[in-house]
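These notes are about the structure you will find just below.
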Amino acid sequence: MSEPERIEIESITTPGHIQRVDRAKYLAMRHALLQALPAQPPGLTVAQAKPALLPHLPAARFPAGATAGGGVKAGQRDLEAKGVIERVTGKPLRLFKHLAAG
């Protein structure tokens, strides 16, 4: 069995830190997260985002949502670092799509 193709992602919480993750799983999570998040504040909490994105994940890569929790956090941090999504100041952490990300 061959190794899955990897992709480098960033983290808003640790600038300059790069992590290598499974490319196909990351891209699926990115798509699902962008489908689930609203375009306007107040956005969704991470706890609300996970069940909202599950229907958009391919079952072959995330059977019954398996490993989706860690994927949400990695995707969230990378998309924030790239300016694709934003967080609302305060607690709990709430996320929404950056308007330019559409």
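Take any residue in the sequence shown, note its place counting from 1, add 73, and you have its number in the working numbering.
Note that the Cβ used here is the ideal one computed from N, Cα and C, for glycine as well.
None of these values were measured; they are calculated from a predicted model.
Item: 6 Å CB neighbourhood of LEU106 in its chain, flanking five on each side removed; Value: LEU126, GLY148
Item: With 16 other Cβ atoms within 10 Å as the buried cut-off, status of LYS98; Value: buried
Item: C-beta contact flag for LEU100 and PHE169 at 7 Å; Value: no
Item: C-beta contact flag for ARG160 and LEU152 at 7 Å; Value: no
Item: For ASP95, the residue or residues it bridges with in DSSP; Value: ARG79
Item: Supposed contact pair LYS123 and GLY142 - C-beta distance, whole angstroms, cut 8 Å; Value: 6 Å
Item: Buried or exposed by the 16-neighbour rule on C-beta atoms within 10 Å, applied to ILE91; Value: exposed
Item: Local conformation of LYS170 per DSSP, three classes; Value: strand
Item: Helix, strand or coil at GLY175 according to DSSP, with G and I counted as helix; Value: Here GLY175 scores only 45 on pLDDT, less than 50, and its place in the model is too uncertain to base an answer on.
Item: VAL157, enclosing alpha helix (DSSP H) - first and last residue; Value: Note, VAL157: premise wrong, no alpha helix (DSSP H); not H, not E.
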